[in-house]
Structures are given as C-alpha cells and as structure tokens.
Amino acid sequence: METTATPALGGEPLHTTRSMTVLFAIGFACIAANAFGLLGPLSPALFPALTLAAFMATIVGVRRYDPEVRWPWYTLAFGFALFFAGGIAREATDSLGVLTVHRSLAPDLITIPGYVLVTVGLFGFAKARIRDTVARIDIALDAGVAALAALTVAWLFLLNPAVFTAENVPLQVRLLVAAYVPLSVFLVASTAGLAFAAGGQQLVADKLRLGAMTFLLIGDVIFMLLETQTVAIPKHIVEVPYALAYLSYIASVLHPSMRAQTEPNPVRRSGATVGRVSVIALALAIPGMASVFRLSAPTRDRLVLGGIVLTLTSLAILRLVRALRSNARSEALLTYQSTHDSLTGLPNRVGLHHEIIERIESARASSSMVAVFLCDIDRFKLINDSYGHNFGDAFLEQVGDRLRAGIRPTDVVARIGGDEFVVVLSHLHVESEALELAHRTQQIFATPFTVHGAEIASSVSVGVAIGDPSDVTTTPEALIRDADIAVYQAKDSGRNTAVVFDASMRDRISHRLAVERDLRHALERHELAVHYQPIVDLTSGRVSGFEALLRWSHPTWGQVAPMSFIPVAEDTGLIIDIGAWVLEQACGQLAEWRATLPRSNRLQMSVNLSACQLRDSAIVEQVRRVLVESGLPQDALTLELTESTLMENPAAAAELLNRLKSLGIGLSIDDFGTGYSSLAYLRRFPVDVVKIDRAFVMDLEDEDTSDATLVAAIVAMAGALGIGTVAEGVETMGQARRLTDLGCDLGQGYLYSRPIEAALIPAAINRIEAEARGRLQAVRTEKSA
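Shown next, in the form of structure tokens:
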C-alpha cells in the first residue's frame with residue numbers, strides 16, 4: 085500500500101506531528117515574547133489574532149476532518165470569543181483590579197456567558213461520543229464532586245478572605261468575581277472526565293482541550309487575585325495562561341483526532357478503581373478536614389473531630405466500593421451478553437463494531453490495511469431443513485470453533501447472523517495478502533464436519549472488504565456493508581468462492597435495490613405484462629401451445645430484461661404474488677383462445693413455477709382455484725420447473741409435484757441437461773415433458789457434434805419413459821430438421837416467433853402454420869422431382 089507519511093509516536097502521521105510542533109512553537113514564541121514585553125506595538129494585536137485564529141481553525145478543522153457532529157466545536161469557539169470580548173470590555177472600562185462599588189459589571193456579563201457556551205460545547209462532545217446516558221451522568225457527577233471539593237478550598241482560603249470581606253462592594257459584584265474559579269474548575273473536571281471515560285481512549289485532541297481548560301483555570305485564579313488586590317502581577321503576565329488556553333484549543337481543533345471526539349465510543353465501566361475511589365474519598369474528606377482545622381478550638385478537640393471525619397469518610401467509601409463492585413459485576417455480565425453471541429460465544433454485531441474500531445486504530449499506527457471477511461455458509465438452510473434447528477446450531481458452533489482456531493492471533497471472529505460469520509484482520513500490506521487469507525479461510529471447510537455422528541460436507545462464500553485506515557470513510561459500517569456486497573457477488577458466482585469488493589459492485593447493488601423498490605409497485609401500476617411464445621409440432625408445423633413469459637415495461641428504464649428482475653422477485657418473495665398473477669392471466673387467456681379461435685381446443689399453456697412458489701404450501705390450492713375460475717381444462721395447463729429448483733429438496737419437491745399432478749395438470753422440467761440430469765431423477769418425479777436447453781440446440785446443424793449425441797440420448801431416454809420433449813432456442817430450419825430427425829416432438833424459438841402480446845397471437849398462429857404448409861409442400865415437390 086502506498087503511503088505519504090511515516091508513522092510517528094501516538095500513531096499519527098509524521099507530517100501531522102511536525103505541523104503541530106511548528107504551530108505550538110510559533111504560538112508559544114509569540115506568547116513568550118508578549119510576556120517579556122518584546123512585541124512592542126504588536127502586543128495589543130495578540131488576542132485578536134488568537135481569537136481570529138480560533139475561529140479559522142474551527143472552520144478548517146471541521147471541513148478537513150468532517151466530524152460526525154460539528155456544533156460543539158463552533159460552540160467552544162464562540163465561548164472563547166466571548167472571553168476575548170469580555171477582556172476588551174474590561175480594558176475599555178479600566179476595571180481590572182478595581183473591586184469597588186463603582187466597578188463596571190459589563191465585562192463580567194459578557195464573559196460569564198462564555199463559560200456557559202463552553203459548558204454546552206462539552207455537553208455536546210459527551211452526548212455525541214458517549215451514547216450511554218448512565219456514563220454521561222457519572223462523568224457529570226465526578227466533575228461536580230471534584231469541583232465542589234476545589235470550591236471548598238477556594239472558599240476557605242481564597243474567595244471568602246479576599247472577596248467577601250470587602251463589605252463596601254455590592255453583593256452582585258462579589259458573586260460575579262467569585263464565580264470565575266468554580267466555573268473554571270468545573271470545566272477542567274468535565275473535560276478530564278470526558279477525556280478519560282470513553283473506553284480509556286485518550287485522544288491527542290482530548291489532551292489539548294484539557295490543557296486549554298487548565299490554562300483557563302490558572303488564568304482565572306490569577307485574575308481573581310488581581311481583582312481582590314491580593315497580588316500585583318503585570319498585565320502582560322496575566323494574559324499568558326489565557327493565551328495558552330487559546331493556543332491549546334486551536335491545536336485541538338486542527339489535530340486529526342478531533343474527528344473521533346464526536347464518534348460513538350464504548351464506555352468500559354471499571355467500577356470502583358483505586359484512582360476513582362481515591363479522588364472521591366479526597367473530595368469527601370477535604371470539606372470536613374478544612375472546616376475542622378479552621379476551628380478556633382483546642383488541638384485535642386480538632387484531632388478528635390478530624391479522626392471522626394476521616395473514619396466516617398472511610399466507612400462511606402468502603403460501603404460505596406462494595407456497592408460499586410457488585411454493580412460492576414452485573415454490568416460486566418450484561419455488557420458481555422450484549423456484545424457476544426449466546427450460541428458460539430463469539431462477538432456479535434455490537435462487539436464486532438468495537439473490534440473493527442480497534443483494528444482500524446492498530447492499522448493506522450502501523451500504516452497497514454484492515455480487512456473484513458464476511459463468510460456465508462453455502463446452503464445452510466438445507467442443513468437446517470434436513471436435520472433440524474438443534475442440529476444446525478451444533479453445526480454453527482463447530483464452524484465458529486474452526487474459524488477461531490484457523491485465524492491469526494491478532495485477528496478476530498464474530499457471528500452477526502444465522503449463518504454469517506465475520507473475520508477481521510489488520511496489519512495487511514497488499515491486497516493479495518487478504519485474498520490469500522480468504523482462500524485459507526475457505527480451506528477450513530474442506531474437511532467435513534461431524535455433527536451428532538453425521539458427516540456434513542459444507543463450503544463457504546467469502547466477501548472481502550479492504551480498508552485504508554487513513555481514509556476517513558473507512559468505518560466499521562462501511563467495511564461490513566462492502567463485505568456483504570462482495571459475498572452477494574460470490575454467491576452469484578456459484579458459491580464456494582472469495583470475491584474482493586470494488587466500487588462497481590456497489591453500483592450494481594444500488595441498481596438492484598432500485599429494481600426491487602420499483603418492482604414492488606409494478607403490478608399495481610400495471611407495468612407488468614404476459615407475452616406468449618408459441619410451441620410448435622416439429623413434424624406437422626402446427627402450433628400446439630404457448631409458454632407464458634413475464635415482461636416488465638418500466639416508465640423510465642423501458643423494457644427491463646427478465647434476467648434483471650426475475651431473480652430479484654425470487655430473492656425478495658415478490659414472485660409469489662407476481663407468479664399467481666401470471667398464472668391467472670395465462671389460464672384466462674388460453675381459455676379465451678380455446679373458445680374463440682378455430683381448431684384451438686387442443687392448445688396447451690406452459691407457466692413457469694419458481695423455487696419460491698414451490699416452497700409455498702398454498703400453491704396447490706391456488707392452481708386448483710385458477711383452473712376453476714378460468715374454466716380451463718386441467719390437462720391444458722403445464723407447470724415448468726428447473727432441475728436446480730427440484731434438487732434443493734428432492735423429497736419435498738416429489739411430494740408437492742405428486743399433489744399438483746393429482747389435479748390433472750402436466751409437469752415439465754425446464755433447461756434439461758444443464759444441471760442434475762439423470763434417468764433416476766426423471767423416474768423419481770411425475771414428469772410429462774422435458775425441455776432441452778437451447779445450449780444444446782445451437783450447434784445441431786454441424787455434423788457429428790457432441791450436442792447432437794446428447795440430444796439424441798435425452799430424446800431416447802424420455803421416449804423410453806413415455807415423456808415428451810421440447811427443444812428451446814430453435815432459430816434455423818437446419819436446427820428444426822435435425823431435431824425432427826433425432827425424434828424430438830416439439831420446438832420453440834425465434835424461427836417461429838418471439839414472445840409476443842396476446843393480441844398478436846391469432847395472426848402468429850396463421851403465419852406459423854402457413855409457413856409450415858409451405859415447407860411441407862416444398863419437400864413434397866422436391867421429392868417428386
């Protein structure tokens with residue numbers, strides 16, 4: 085795989101790391117120069133430049149990395165803009181360090197809403213990234229606990245002595261000045277909780293944003309000390325932490341990992357960890373201990389009270405630990421059950437999503453590729469139908485065990501459906517390596533399975549999707565979708581094969597979905613029609629019947645080829661209703677012709693029956709009802725079935741065909757010679773006619789062809805069983821004469837007529853039979869000469 089960057093520490097491309105380093109260096113140099121008064125007249129332009137850079141960085145970062153949710157970033161940018169506006173207002177009113185009754189409130193009324201916007205932005209990150217509501221509440225509670233503990237210390241040692249002792253200052257002024265530190269502490273705690281909560285995955289952008297909030301806190305502490313005149317610090321020094329906060333925010337939004345900050349991440353709830361409990365314990369103990377040691381009481385009393393506070397805190401924490409551990413065990417079990425398949429113990433679709441994300445991150449760090457194999461067991465339904473679902477489940481367990489044992493240690497196997505397994509691989513460097521591993525996966529099925537003493541031979545179709553982790557479109561959903569499309573192509577290619585996805589397959593699938601969508605309404609919109617192709621007696625030239633063939637005239641696409649929509653109708657089950665409609669139309673039309681056309685009382689109608697219809701238990705009653713409603717004699721109808729349809733479940737097919745045969749109708753095997761043809765199968769099913777596939781008719785004009793030998797064998801075999809023969813695809817007089825010589829009874833093809841509308845059939849019959857009389861007359865004339 086070609087790559088334009090060398091991986092650096094943290095898994096980011098080297099050019100990205102260098103760009104971030106240069107950005108930090110330039111920004112830090114400007115901030116340091118301003119702190120030492122080296123910018124001169126450019127100093128007032130520093131913060132406007134940083135604010136503009138924050139906005140531009142937000143726009144550039146969002147457009148470049150295209151995060152799933154964008155508004156939290158814009159909200160943070162507007163929050164920092166309000167911080168800047170508040171600073172401008174403070175400069176204009178000259179209110180910094182002036183905590184008096186005349187102090188202007190305008191700067192604070194502009195700045196405080198900035199904190200609200202930043203808080204809303206952080207909530208947006210938490211909502212987008214952590215979909216678990218309970219986890220989001222836990223993060224907010226942890227942030228609140230930490231903020232309250234810090235507020236206690238700030239109140240006792242900073243806020244109360246410095247701010248609230250200024251009795252000549254209005255209460256609203258003191259409250260506004262006192263609000264900055266608690267607000268900053270809450271932002272830092274919230275950012276830290278979010279950064280370390282999502283699956284333990286601390287992104288570079290997380291750390292940079294945490295740095296921005298921390299610098300904001302430091303700046304607010306210094307600001308409050310200045311406001312209360314507790315310390316005297318030059319203005320250009322006060323601006324340093326705020327400038328660093330802007331710089332860290334700009335770097336966070338320009339880093340590639342910013343995209344992942346609004347992507348859903350799993351939350352691994354670890355229960356009562358040592359670090360988490362220690363923080364909670366410290367937060368609980370600080371207010372009590374701080375209050376105790378500020379009491380103007382004897383040392384003995386303060387020690388006793390301090391011991392009581394610590395003991396109560398320890399007991400409360402111990403009780404909390406026990407409750408959390410019990411809850412964590414229950415949650416761990418529920419999490420496992422929600423992410424793993426109950427039958428095989430393999431990851432399910434939810435667990436697979438997490439596994440693919442981890443492999444993408446791993447492949448990104450090593451500049452390699454990740455691949456997803458979707459393995460669909462061929463003809464698994466036949467196993468289930470033949471042996472039962474319990475047997476099928478035991479078979480699937482063995483499949484899961486074999487796949488798990490046959491993969492590399494770094495790969496993972498999941499089960500996402502009845503007979504669908506997924507293998508996820510990383511650290512691949514060329515596409516051929518993925519295809520080779522796919523073929524090795526197929527070889528796992530080369531040895532038959534032994535299930536409950538029965539030997540089961542099986543195969544698997546594999547769809548392969550390969551992703552480049554540096555591409556933002558490489559996501560778990562995209563890889564699984566593409567692998568599913570590829571396995572569909574593998575099934576179409578004859579099963580037991582591996583196919584690598586390419587974009588053209590998606591186009592075909594999109595077209596297929598469009599066909600399915602419109603086909604669902606084609607019947608009600610009267611877009612479907614039945615055309616009829618005459619079947620001709622090869623000896624006399626008389627029309628003996630017709631084959632009913634479905635046609636679709638789409639209002640936009642025009643005439644849709646049957647091979648484009650009939651398989652879709654069969655796959656989706658739409659063929660049940662469409663097939664019933666074709667049967668009604670064909671029988672009704674033949675009944676009309678037999679009643680109105682001369683010498684037509686022996687005309688037959690052949691109607692195709694799909695595998696889907698053959699599995700429908702209502703088909704026998706449906707045929708009986710149509711015959712009654714149309715008034716057509718039973719022996720005038722022949723149902724055609726393909727060999728492959730019959731062999732999907734021979735026992736069930738034989739039983740259903742006998743039931744259909746009891747109605748008095750005829751049965752025909754279509755495309756004979758292309759599948760499982762044998763004398764044994766003909767004897768097993770109550771068949772009246774076999775239709776010789778057009779592939780064996782094409783070359784009959786050539787002398788001594790193998791096709792002629794095969795046709796002769798089919799005709800002889802059918803004749804011995806009292807079964808009639810029809811040759812399909814007859815296009816030339818030479819083919820018709822050779823079929824007659826070989827003893828074939830009937831033929832159909834373009835020599836006589838294409839499939840045509842019902843209204844054209846009477847004229848077609850007259851033309852076909854007139855041409856036949858002409859050919860017979862020509863033969864007699866030739867013989868007499």
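Residue numbers are given in our numbering: position 228 of the sequence shown equals residue 312, and the series is strictly consecutive. Here a beta-carbon is modelled for each residue, glycine too, at the ideal position from N, C-alpha and C.
| request: Go ahead and pull the three-state DSSP assignment for Val322. | output: Look at Val322 here: in three-state DSSP terms it is helix.
| request: At 4 residues or longer, and completely inside the region 552-578: list those alpha helix (DSSP H) runs for me, N to C. | output: Secondary structure remark: continuous alpha helix (DSSP H) runs of at least 4 residues inside the region 552-578, in chain order: 560-576.
| query | How big is the Cα-Cα spacing for Leu292 and Leu480? | reply | Their Cα atoms are separated by approximately 48 Å.
| said: Is it buried or exposed, Val496, if we count other Cβ atoms within 10 angstroms and call 16 or more buried? | reply: Classification of Val496: buried, given that the 10 Å Cβ count is 16 or more.
| said: I'd like the list of long-range same chain contacts for Val324, defined as Cβ closer than 7 Å, with 5 residues on each side in sequence excluded. | reply: Taken in chain order, the residues that qualify are Ile115 and Ala119.
| query | Just checking my contact of Phe139 with Ala161 at CB under 8 Å: how many whole Å lie between their CB atoms? | reply | A Cβ-Cβ separation of about 6 Å places Phe139 in contact with Ala161 under the 8 Å criterion.
| message | For Leu607, report the span of its beta strand (DSSP E) as first-last. | response | Neither: Leu607 is in no beta strand (DSSP E) and is coded neither H nor E.
| message | List, from N- to C-terminal side, the alpha helix (DSSP H) runs of 4 residues or more that fit wholly inside the region 649-737. | response | Under the rule that a run must span 4 or more residues, the alpha helix (DSSP H) segments found entirely inside the region 649-737 read 659-680, 695-698, 703-714 and 727-731.
| task | Give the straight-line distance between the Cα atoms of Leu607 and Ala645, rounded to the nearest whole angstrom. | result | The alpha-carbon atoms of Leu607 and Ala645 are separated by roughly 16 Å.
| For the beta strand (DSSP E) that Pro132 lies in, which residues bound it at each end? | Unbroken run through Pro132 is the alpha helix (DSSP H), Leu130 to Tyr149; no beta strand (DSSP E).
| message | Quick check on the burial criterion: 16 or more other C-beta atoms within 10 angstroms. Buried or exposed for Ile110? | response | The residue in question, Ile110, is exposed, as its Cβ has fewer than 16 Cβ neighbours within 10 Å.
| Roughly how many whole angstroms lie between the Cα atoms of Leu612 and Gly663? | Approximately 11 Å, taken between the alpha carbons.
| query | Expressed to the nearest angstrom, what Euclidean distance is found between the alpha-carbon atoms of Asp566 and Gly303? | reply | Taking the straight line joining both Cα atoms gives about 51 Å.
| request: To the nearest angstrom, report how far apart Trp155 and Asp591 are at their CA atoms. | output: Using only the alpha carbons, I get a separation of about 33 Å.
| field | CA nearest to the CA of Lys169, picked from Pro191, Pro151, Tyr149 and Asp150 | value | It should be noted that the sequence gives Ala, not Lys, for residue 169. Comparing Cα-Cα distances from Ala169 to each of Pro191, Pro151, Tyr149 and Asp150, the minimum goes to Pro191.
| field | Residue of Leu730, Val454, Phe756 and Gln697 minimising C-alpha distance to Phe769 | value | Comparing C-alpha distances from Phe769 to each of Leu730, Val454, Phe756 and Gln697 shows the shortest one belongs to Leu730.
| query | Going by DSSP, what residues sit across from Ala582 in a beta bridge? | reply | According to DSSP, which records beta bridges pairwise, Ala582 is partnered with Val546.
| request: Compute the Euclidean distance between the alpha carbons of Leu271 and Asp576, then round it to the nearest angstrom. | output: Rounded to the nearest angstrom, the gap between the Cα atoms of Leu271 and Asp576 is 56 Å.
| request: Please name the residue or residues paired with His615 in a DSSP beta bridge. | output: In the DSSP output, where bridge partners are listed per residue, His615 has Leu633.
| said: Between which two residues does the alpha helix (DSSP H) holding Val773 run? | reply: Unbroken run through Val773 is the beta strand (DSSP E), Val773 to Ile776; no alpha helix (DSSP H).
| task | Please confirm if the region 515-535 is in contact with the region 483-503, defined as three or more CB-CB distances below 8 Å between the two stretches. | result | Short answer: they touch.
| said: What does the alpha-carbon distance come out to for the pair Ile713 and Leu674? | reply: Correcting the residue identity first, residue 713 is Glu in this sequence and not Ile. Put simply, the backbone Cα of Glu713 is about 13 Å away from that of Leu674.
| said: Let's see if you can read the secondary structure: which residues bound the beta strand (DSSP E) around Arg499? | reply: For Arg499, the enclosing beta strand (DSSP E) starts and ends at Val496 to Arg499.
| Are there three or more Cβ pairs, one per stretch, closer than 8 Å when the region 432-452 is compared with the region 514-524? | Judged by Cβ distances under 8 Å, the region 432-452 makes no contact with the region 514-524, as fewer than three pairs qualify.
| query | Roughly how many angstroms separate the alpha carbons of Glu631 and Asn733, rounded to a whole number? | reply | Those two C-alpha atoms are separated by around 26 Å.
| Apart from the five residues on each side of it in sequence, which residues of its chain come closer than 7 Å, Cβ to Cβ, to Val202? | Counting only residues of its own chain and dropping the five nearest sequence neighbours on each side, Val202 has a CB closer than 7 Å to the CB of Leu160, Gly163 and Leu271.
| Counting Cβ pairs closer than 8 Å, one from the region 445-462 and one from the region 499-518, do we hit at least three? | Touching, yes.
| query | Considering only the beta carbon of each residue, do Ala582 and His523 sit closer than 7 Å? | reply | Closer than 7 Å, so yes.
| query | Can you tell me whether DSSP reads Ala530 as helix, strand or coil? | reply | In the structure shown, Ala530 sits in coil (DSSP, three-state: anything other than H, G, I, E or B).
| Nearest to Gln345 by CA position, among Glu152, Val814, Thr640 and Leu784, is which residue? | Closest in C-alpha terms to Gln345, from the list Glu152, Val814, Thr640 and Leu784, comes Glu152.
| Touch check for the region 828-845 and the region 805-813: three-plus C-beta pairs under 8 Å? | With three or more CB-CB distances shorter than 8 Å, the region 828-845 counts as touching the region 805-813.
| task | Measure the Cβ-Cβ separation of Ser837 and Pro618 and say whether it is below 7 Å. | result | Closer than 7 Å, so yes.
| Alpha carbon to alpha carbon, what distance is there between Ala498 and Gly429? | Answer to the nearest angstrom: the Cα atoms are 9 Å apart.
| query | Tell me, which residues are paired with Ile461 by DSSP? | reply | Answer is Val544.
| Span of the beta strand (DSSP E), counted from its first residue to its last, around Ile753 | That run of the beta strand (DSSP E) goes Gly750 to Phe756.
| field | Chain-order list of residues whose beta-carbon lies under 6 Å from that of Asp425 (same chain, five-residue window excluded) | value | Only Asn432 and Arg499 meet the Cβ criterion.
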